[in-house]
Ligand SMILES: Nc1ncnc2c1ncn2[C@@H]1O[C@H](COP(=O)(O)OP(=O)(O)OP(=O)(O)O)[C@@H](O)[C@H]1O
Ligand SMILES: [Mg+2]
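Structure below.
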């Protein structure tokens with residue numbers, strides 16, 4: 113089991129009023145499995161994704177990564193787990209405008225001090241950029257590329273440290289139908305070819321249905337396999 117959430121609750125307190133956003137959510141995520149999380153705006157999808165991505169803590173409940181309780185790790189260890197094991201993709205690609213495409217996808221490897229590992233990351237970047245049809249764009253800056261090309265580069269950046277899980281929040285929210293479909297297929301293929309897990313949060317039923325399993329958040333509860 114890669115990730116296991118057990119009876120997670122998440123509350124936010126604003127001006128003394130407590131709101132229960134996630135209620136008693138349990139979820140298992142395996143390698144090689146792609147899952148989609150759907151639900152209305154404000155239902156808690158991003159909140160859940162942030163908890164899986166160790167960016168936020170649940171109010172109660174247990175999260176295990178590779179069978180170890182995340183609470184057993186220090187803040188530094190969590191940062192390392194995040195950098196080494198989790199690839200993030202957002203609605204907007206967040207590529208840095210002053211860097212070339214190749215430089216952008218290598219940003220997550222900057223903390224790597226080992227020269228040979230940096231070299232192999234560079235090789236991996238070239239292979240991935242080639243696979244994703246971006247090899248002729250590597251010296252261009254994001255401003256000189258289409259939205260779909262930038263989002264594909266964001267996928268390469270998420271994969272560069274060979275993560276065990278990809279977390280994507282509305283990855284196709286800013287794309288046209290054709291580019292959105294391409295990203296959906298890419299995410300589902302990558303999950304199988306790299307034997308990683310993928311969690312996609314989306315409002316698009318079409319994208320959701322491209323994943324192996326679809327979950328819906330409704331009134332704070334996680335409803336399983338609504339596909
Ligand atoms: N840090 C926070 N403090 C207080 N309330 C928060 C915080 N983060 C999120 N919320 C609230 O929790 C609820 C769920 O937010 P979340 O961002 O998870 O929704 P979502 O399902 O991702 O919505 P969308 O589809 O619009 O992105 C919202 O009502 C939001 O206002
Ligand atoms: Mg959201």
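Numbering (our numbering), first residue to last: 113 to 339. Cβ atoms here follow ideal geometry from the backbone N, Cα and C, with glycine treated the same way.
Per DSSP, the bridge partner or partners of residue i
i           : result
residue 131 : 124
residue 172 : 121
residue 139 : 117
residue 148 : 312 and 326
residue 278 : 199 and 310
residue 247 : Its beta-bridge partners do not exist; DSSP assigns none.
residue 333 : 330
Residue environment, residue i, which counts as buried when at least 16 other CB atoms sit within 10 Å
i           : result
residue 180 : exposed
residue 216 : buried
residue 145 : buried
residue 323 : buried
residue 222 : exposed
residue 326 : buried
residue 249 : buried
residue 125 : exposed
Rounded Cβ spacing between residue i and residue j (contact assumed at less than 8 Å)
i           : j           : result
residue 280 : residue 298 : About 11 Å; that fails the 8 Å criterion.
residue 313 : residue 161 : 5 Å
residue 278 : residue 310 : 5 Å
residue 164 : residue 170 : Actually they do not touch by this definition, with Cβ atoms about 10 Å apart.
Check whether residue i and residue j have beta carbons under 8 Å apart
i           : j           : result
residue 233 : residue 218 : yes
residue 189 : residue 273 : no
residue 212 : residue 252 : yes
residue 307 : residue 140 : no
residue 204 : residue 286 : yes
residue 122 : residue 159 : yes
residue 156 : residue 302 : no
residue 117 : residue 276 : no
Residue i, enclosing beta strand (DSSP E) - first and last residue
i           : result
residue 199 : 198-201
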